[in-house]
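Enquirer:
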Amino acid sequence: MRRILQIIKKNFKLLVRSKGSGLVVILGPLLLVALLGFAFSNSSTYNINVGVYSEEYNNLTNSVLEKMEDNQFNIIKYTSSEVCEGELKRDKVQVCIGFPKNFEIKEGGQNNIVFHVDYSQINLVYLIIDLIEGKVSSTSSEISKNLTADLIQRLTYIENVSKTNRQSLERLREDADKLSKLLMDINTNLVAMQLEFNLSDIALSELAGRSKNIVDYVNDVDSYANSQLQAIENSASSRNDSYTAGLARTTIDNLKNKTGVLRNETNRLNELVTNAVSKLNSLNTNLANARTAKTEALNSVSLAQEL
């Protein structure tokens, strides 16, 4: 250790005696470091010409070029890769970049960016790649933000629609419950309806027959009484018994009046019975139709309850 210190001390004395050698030893490494740092530094992009070409410049391509211009790159657009590479060979540009036609950010998309550069300027490629990645990342974040905002807006709309539909469904369910209860009440009332009616229980045919028999009997009595009284009158007239003949005539007239009234009443009774029979037959037909309607209504109620 002591020997090493002696060597260092000796060399230091030599440097002090020879100022030129000292400057070379001290400044030489510093200058070399400065040159290397300048060669590989990404911080200085002043007055660097970048040639670009693309079949179509869309919004994303233009935004990347604007980002490069903001970082002091001089952007020169060319019509084709051949022209751009020719300018690179003539040192008109330091880098030549080819952008794809449909340069966009999408899931599963592939964007191939072609770089043409002299290997002595390879550090510029990395600098430009960093700028492009930064711009693409910023654009992706903005797109993601917009998509997220749009998704949130759509979800909010769906939530509001769902609330409205849920309220409508609740009202429909309440209405369905009310309708079901109403159908059950209707079904109960229809079942309770007694629409059976049997005309045979009234014996309408027998009633009509007996009414006709009464009329016929009254007519027979009237004819028989008239014939007997007429015989009495004829007998009294043949004996010149004026009193008996007059009494017979009076009796015949009174009997005719009485039997006439009885005949009218029996005829009226016969008409009433006939009308009653007709109306009862009509009622029976209506009740049969009502029974059919009741059956159809019960079937409809059953179908509605199943729904």
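Residue numbers (numbering that gives the first Met the number 0): 0 to 306.
Virtual Cβ for every residue (Gly too), placed ideally from N, Cα, C.
Which residue wins for smallest C-alpha separation from V116, given the options I131, E103, Y52, K88?
Expert: As a first step, residue 116 is located in the sequence shown; it is residue number 117 there, counting from the start. Of the candidates I131, E103, Y52, K88, the one whose C-alpha sits nearest the C-alpha of V116 is K88.
Enquirer: Is I96 helix, strand or coil by DSSP?
Expert: Taking the first residue of the sequence shown as position 1, residue 96 is located at position 97. If DSSP states are grouped into helix, strand and coil, I96 belongs with the strands.
Enquirer: Identify every residue that forms a DSSP beta bridge with K76.
Expert: Here residue 76 refers to the residue found at position 77 when the sequence shown is read from its first residue. According to DSSP, K76 bridges with V51.
Enquirer: If you draw a straight line from the alpha carbon of S79 to that of T60, how long is it in whole angstroms?
Expert: Counting from one through the sequence shown, the residue named residue 79 turns up at place 80. Counting from one through the sequence shown, the residue named residue 60 turns up at place 61. Those two C-alpha atoms are separated by around 16 Å.
Enquirer: Tell me where the beta strand (DSSP E) around F102 begins and ends.
Expert: Along the sequence shown, read from residue 1 onward, the residue named residue 102 stands at position 103. Taken as a continuous stretch (DSSP letters only), F102 belongs to no beta strand (DSSP E), as it is neither H nor E.
Enquirer: With distances taken Cα to Cα, identify the nearest neighbour of V124 among R172, Y77, F72, L282.
Expert: As a position in the sequence shown, residue 124 is number 125, starting the count at 1. That would be F72, whose Cα lies nearest to the Cα of V124.
Enquirer: Just reading off the alpha helix (DSSP H) that D69 is part of, what are its end residues?
Expert: Here residue 69 corresponds to residue number 70 of the sequence shown, with the count starting at 1. 58-69 is the span of the alpha helix (DSSP H), which, as asked, contains D69.
Enquirer: Can you tell me whether G133 is buried or exposed, with buried defined as 16 or more other CB within 10 angstroms of its CB?
Expert: Along the sequence shown, read from residue 1 onward, the residue named residue 133 stands at position 134. Classification for G133: exposed.
Enquirer: Measure the beta-carbon distance from K91 to N48 and round it to whole angstroms, keeping in mind my assumption that it falls under 8 Å.
Expert: Translated into positions along the sequence shown, residue 91 becomes position 92. Translated into positions along the sequence shown, residue 48 becomes position 49. Contact flag correct, Cβ pair sits at about 7 Å.
Enquirer: Name the one or two DSSP bridge partners that V116 has.
Expert: Here residue 116 corresponds to residue number 117 of the sequence shown, with the count starting at 1. BP columns for V116 point to V94.
Enquirer: Hey, G85 and S53: beta-carbon distance below 8 Å or not?
Expert: Numbered from 1 along the sequence shown, position 86 holds the residue referred to as residue 85. Numbered from 1 along the sequence shown, position 54 holds the residue referred to as residue 53. No; because the gap between Cβ atoms is not below 8 Å, this pair is not in contact.
Enquirer: Mapping the DSSP letters down to three states, classify N122 as helix, strand or coil.
Expert: On the sequence shown, residue 122 is found 123 positions in, with the first residue counted as 1. If DSSP states are grouped into helix, strand and coil, N122 belongs with the helices.
Enquirer: Should Y77 be labelled buried (16 or more other beta-carbon atoms within 10 Å of its own) or exposed?
Expert: One-based indexing of the sequence shown puts residue 77 at position 78. So Y77 ends up on the buried side.
Enquirer: CA-CA distance, N110 and Q152?
Expert: Reading the sequence shown from its first residue, position 111 is the one you call residue 110. Reading the sequence shown from its first residue, position 153 is the one you call residue 152. Taking the straight line joining both Cα atoms gives about 31 Å.
Enquirer: Got a sec? Which residues, its chain only, sit under 8 Å from K100 by beta carbon, not counting five neighbours each side?
Expert: Counted from its first residue, the sequence shown places residue 100 at position 101. Only S53, E54, E55 meet the Cβ criterion.
Enquirer: Is DSSP giving R89 helix, strand or coil here?
Expert: Numbered from 1 along the sequence shown, position 90 holds the residue referred to as residue 89. DSSP places R89 in coil when its eight states are reduced to three.
Enquirer: Quick check: L64 and I75, are their CB atoms within less than 8 Å of each other?
Expert: Your numbering for residue 64 matches position 65 in the sequence shown. Your numbering for residue 75 matches position 76 in the sequence shown. No, Cβ-Cβ distance for L64 and I75 is not below 8 Å.
Enquirer: Please identify the residue among M183, K278, N263 whose C-alpha is closest to the C-alpha of S299.
Expert: Residue numbering aside, residue 299 sits at position 300 when the sequence shown is read from its first letter. Ranking M183, K278, N263 by Cα distance to S299 puts M183 first.
Enquirer: Let me know the secondary structure DSSP gives N110 once reduced to three states.
Expert: By one-based count along the sequence shown, residue 110 stands at place 111. Coil.
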